[in-house]
Amino acid sequence: MNISGLFYDGRSSAAKIARLVYLPETERIRMEDAEGNSMAEAHISELVFAPHMGRVHRSFNLPCGGLFETEEHGAMDALQVSMKNGAFWRFVHMLESRWIWVCLALLFVMATVFLSFRYGAPLLAREIALRLPPGVLHSAGENTLKTLDRMVFSPSDLSFEKQEKIINEFKDLWDAHPDFQLYFRKGGQLGANAFALPGNMIVVSDELIRLAEDNPDGLEAVLAHEIGHGVHQHAARRVIQDSMLAFLLMGLAGDGSGVAELFMGLPVLVTEMAYSRAFEREADAYAMEWLAFQGKDAEGFARLLVRLHEEGGRSDKESRWQGWLSTHPLLEERLEAMGFALP
Numbered sequence: 001m002n003i004s005g006l007f008y009d010g011r012s013s014a015a016k017i018a019r020l021v022y023l024p025e026t027e028r029i030r031m032e033d034a035e036g037n038s039m040a041e042a043h044i045s046e047l048v049f050a051p052h053m054g055r056v057h058r059s060f061n062l063p064c065g066g067l068f069e070t071e072e073h074g075a076m077d078a079l080q081v082s083m084k085n086g087a088f089w090r091f092v093h094m095l096e097s098r099w100i101w102v103c104l105a106l107l108f109v110m111a112t113v114f115l116s117f118r119y120g121a122p123l124l125a126r127e128i129a130l131r132l133p134p135g136v137l138h139s140a141g142e143n144t145l146k147t148l149d150r151m152v153f154s155p156s157d158l159s160f161e162k163q164e165k166i167i168n169e170f171k172d173l174w175d176a177h178p179d180f181q182l183y184f185r186k187g188g189q190l191g192a193n194a195f196a197l198p199g200n201m202i203v204v205s206d207e208l209i210r211l212a213e214d215n216p217d218g219l220e221a222v223l224a225h226e227i228g229h230g231v232h233q234h235a236a237r238r239v240i241q242d243s244m245l246a247f248l249l250m251g252l253a254g255d256g257s258g259v260a261e262l263f264m265g266l267p268v269l270v271t272e273m274a275y276s277r278a279f280e281r282e283a284d285a286y287a288m289e290w291l292a293f294q295g296k297d298a299e300g301f302a303r304l305l306v307r308l309h310e311e312g313g314r315s316d317k318e319s320r321w322q323g324w325l326s327t328h329p330l331l332e333e334r335l336e337a338m339g340f341a342l343p
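Each step along the sequence shown adds one to the number in the working numbering, with nothing skipped, and position 52 is 52.
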């Protein structure tokens with residue numbers, strides 16, 4: 001078998017007109033120049049074939065560092081048939097040369113990505129987060145709180161006596177969760193709010209304390225809700241999930257260009273919000289279980305959620321599409337889960 005092409009000897013970028021001569025009895029190939037002089041030889045098993053990509057010139061590397069390139073696709077296919085390691089690339093070429101296989105492969109990739117987003121990342125992130133050493137989580141929580149103190153929060157205006165009173169008022173809650181610690185801060189632009197940070201750190205704003213002044217059951221439920229975030233390690237899971245999704249999408253995009261990053265951020269944002277809503281539902285369920293354990297109903301919790309909703313300047317009725325662009329479930333949905341309806 002003879003195949004015409006170009007030979008690069010690996011020592012210079014100059015191409016030489018060459019002829020590949022295949023010797024089946026010894027399973028060796030010889031590269032000859034126009035005069036028939038041998039330029040290189042190798043056993044067929046030593047050749048490293050480049051993948052067959054459409055009409056791109058076929059090529060292979062030789063152990064001497066040289067490269068042979070040709071337009072004779074059929075002859076190269078015949079040569080590769082005799083190689084044990086050629087089966088995989090022949091299979092790849094078969095997939096690439098038939099639209100039905102291309103479409104099926106695309107559907108498979110899309111299904112794999114969706115399942116990874118929807119189930120794989122949350123499951124794996126949960127297992128990782130629940131196995132992180134407490135010291136790592138506490139350090140992450142402290143660093144997060146320091147950053148928030150520098151950029152968002154201000155020192156609490158509540159007196160030490162007021163803070164102690166609030167802690168003692170919900171003594172049963174803290175006794176049941178001795179690993180959790182409550183921090184008071186002035187929320188500033190975040191207003192009435194509460195947060196669960198890694199390391200079992202709960203931050204509550206002065207604004208929320210004042211908003212719930214006449215609703216201790218509601219405040220207790222909100223604190224239990226934040227403890228639920230901590231018990232289920234939602235903060236750590238969210239960071240892990242976001243990182244996993246970003247790496248997965250970077251792999252699919254193939255590079256870090258600005259355009260790729262722009263489109264990469266959209267699914268990460270929407271998926272992250274979906275995860276956040278799932279975490280909020282889980283934390284709501286934890287708060288409801290705590291209220292039931294205490295023999296209390298969820299009326300105070302529901303009233304406080306409505307007030308928080310109104311404080312945020314949002315309308316009573318939200319559309320379903322807005323729910324997709326929110327980190328929390330719709331208020332109506334949360335109230336329905338508690339057995340209440342919007343007033």
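Glycine included, each C-beta is placed from N, C-alpha and C at the ideal position.
None of these values were measured; they are calculated from a predicted model.
Where does residue i land, buried or exposed, given buried means 16+ other C-beta within 10 angstroms?
{"i": "R238", "result": "buried"}
{"i": "R320", "result": "Legend: pLDDT at R320 = 41, less than 50; position of this residue unreliable, value from coordinates given subsequently. Exposed."}
{"i": "E280", "result": "buried"}
{"i": "E207", "result": "buried"}
{"i": "R210", "result": "exposed"}
{"i": "P122", "result": "buried"}
{"i": "S13", "result": "exposed"}
{"i": "R334", "result": "buried"}
{"i": "L104", "result": "exposed"}
{"i": "G10", "result": "exposed"}
{"i": "L248", "result": "buried"}
{"i": "L115", "result": "exposed"}
{"i": "G135", "result": "exposed"}
{"i": "I240", "result": "buried"}
{"i": "A278", "result": "exposed"}
{"i": "E161", "result": "exposed"}
{"i": "A287", "result": "buried"}
{"i": "L145", "result": "buried"}
{"i": "G300", "result": "buried"}
Which residue from the options puts its Cα closest to that of residue i?
{"i": "L148", "options": "Q294, V109, L20, V204", "result": "V204"}
{"i": "L291", "options": "P155, T70, L223, F195", "result": "L223"}
{"i": "F184", "options": "E213, F153, L62", "result": "F153"}
{"i": "L62", "options": "L47, P51, A176", "result": "L47"}
{"i": "L197", "options": "Y119, S13, H138", "result": "H138"}
{"i": "A18", "options": "D179, P134, E32, S12", "result": "E32"}
{"i": "E142", "options": "L245, W174, Q181, Q189", "result": "Q181"}
{"i": "S45", "options": "T70, E27, S38, V56", "result": "E27"}
{"i": "G188", "options": "C103, G218, M110, R150", "result": "R150"}
{"i": "P178", "options": "I202, E161, S38, Q163", "result": "I202"}
{"i": "A50", "options": "N37, S38, T70", "result": "T70"}
{"i": "L132", "options": "A236, S276, A176", "result": "A236"}
{"i": "A176", "options": "E289, A15, F340, E311", "result": "E289"}
The ligand GDP and residue i: does any heavy atom of the ligand fall closer than 6 Å to the residue's C-beta?
{"i": "V21", "result": "Among the ligands in the structure shown, none appear at all, so the ligand GDP cannot be discussed."}
Assuming residue i contacts residue j under a Cβ cut-off of 8 Å, what Cβ separation, rounded to an integer in Å, is found between them?
{"i": "L20", "j": "G5", "result": "7 Å"}
{"i": "A194", "j": "L304", "result": "The Cβ separation is near 11 Å, so there is no contact."}
{"i": "R58", "j": "H73", "result": "6 Å"}
{"i": "L124", "j": "M1", "result": "Not really, about 51 Å apart at Cβ, beyond 8 Å."}
{"i": "G230", "j": "N200", "result": "5 Å"}
{"i": "I166", "j": "W174", "result": "About 10 Å; that fails the 8 Å criterion."}
{"i": "L245", "j": "F117", "result": "7 Å"}
Is the separation between the beta-carbon of residue i and that of residue j shorter than 7 Å?
{"i": "I29", "j": "A75", "result": "no"}
{"i": "A298", "j": "M338", "result": "yes"}
{"i": "Q233", "j": "A129", "result": "yes"}
{"i": "A283", "j": "H225", "result": "yes"}
{"i": "Y119", "j": "L67", "result": "no"}
{"i": "F170", "j": "E220", "result": "yes"}
{"i": "A192", "j": "L308", "result": "yes"}
{"i": "C64", "j": "A34", "result": "no"}
{"i": "S156", "j": "K186", "result": "yes"}
{"i": "K296", "j": "D214", "result": "no"}
Measure from the C-beta of residue i to each C-beta in chain C and report whether the shortest distance is under 7 Å.
{"i": "A34", "result": "Among the chains in the structure shown there is no chain C, since it carries only a single protein chain."}
Segments of 3+ residues assigned as beta strand (DSSP E) that fall wholly inside the segment 105–193: 181–186
Whole runs of the alpha helix (DSSP H) within the segment 31–76, excluding any shorter than 4 residues: Fully enclosed alpha helix (DSSP H) runs of no fewer than 4 residues are not present anywhere in the segment 31–76.
Start-end ranges of the beta strand (DSSP E) lying completely within the segment 193–253, minimum 3 residues: 194–197, 201–205
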